[in-house]
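Numbering (the UniProt record's numbering), first residue to last: 1 to 155.
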């Protein structure tokens, strides 16, 4: 019985030593686990911040896209409403008797052509609708210059 008791005592001493070693290893493992957990938590928080920032930028971009779409719809609606008037104006211009432009008409326009602010760019700046008229009058004067030489050949 005594030998069994001695054997058990040695076994307990050996197990106690192993337990002490395992407790130290467990303590080190717990420290490492806490460190890894802290790093993972920090990374997760950083990822959440980035995700939130990306979402904020995405929301802002979507708002801009929505505004552009709305403006596009408005512009298309205005264009569609203006289309009949534009087609009517184009038809009227196409029916204008260009061959009836004469030297007197061009001479009467010349003082305007000589003005430095009689340009389509200035017309757009002052009133967008005037720019087309300015371009047209200048084009008709140029047309007269060309047509003056061509008209006798048409006959």
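Ideal placement from N, C-alpha and C gives every residue a C-beta, glycine not left out.
Rounded Cβ spacing between residue i and residue j (contact assumed at less than 8 Å)
i: residue 144; j: residue 134; result: That pair is no contact at about 16 Å.
i: residue 137; j: residue 93; result: Not really, about 12 Å apart at Cβ, beyond 8 Å.
Helix, strand or coil at residue i [DSSP, three-state]
i: residue 115; result: coil
i: residue 145; result: helix
i: residue 132; result: helix
Pairwise C-alpha distance: residue j and residue i
i: residue 130; j: residue 148; result: 27 Å
i: residue 83; j: residue 126; result: 23 Å
i: residue 79; j: residue 73; result: 10 Å
i: residue 8; j: residue 19; result: 16 Å
i: residue 71; j: residue 106; result: 42 Å
i: residue 63; j: residue 123; result: 35 Å
i: residue 55; j: residue 49; result: 10 Å
i: residue 26; j: residue 53; result: 40 Å
i: residue 77; j: residue 98; result: 34 Å
i: residue 16; j: residue 6; result: 15 Å
i: residue 128; j: residue 90; result: 17 Å
i: residue 81; j: residue 75; result: 10 Å
i: residue 132; j: residue 58; result: 41 Å
Beta-carbon gap between residue i and residue j smaller than 8 Å
i: residue 113; j: residue 139; result: no
Cβ-heavy atom distance, residue i to the ligand SAH, below 7 Å
i: residue 96; result: What this structure holds is no ligand at all, so the ligand SAH is not there to describe.
Practice problem: List in chain order: all unbroken alpha helix (DSSP H) runs of 4+ residues lying wholly within the region 48 to 130. | Solution: Qualifying alpha helix (DSSP H) stretches, in chain order: 103 to 114 and 120 to 126.
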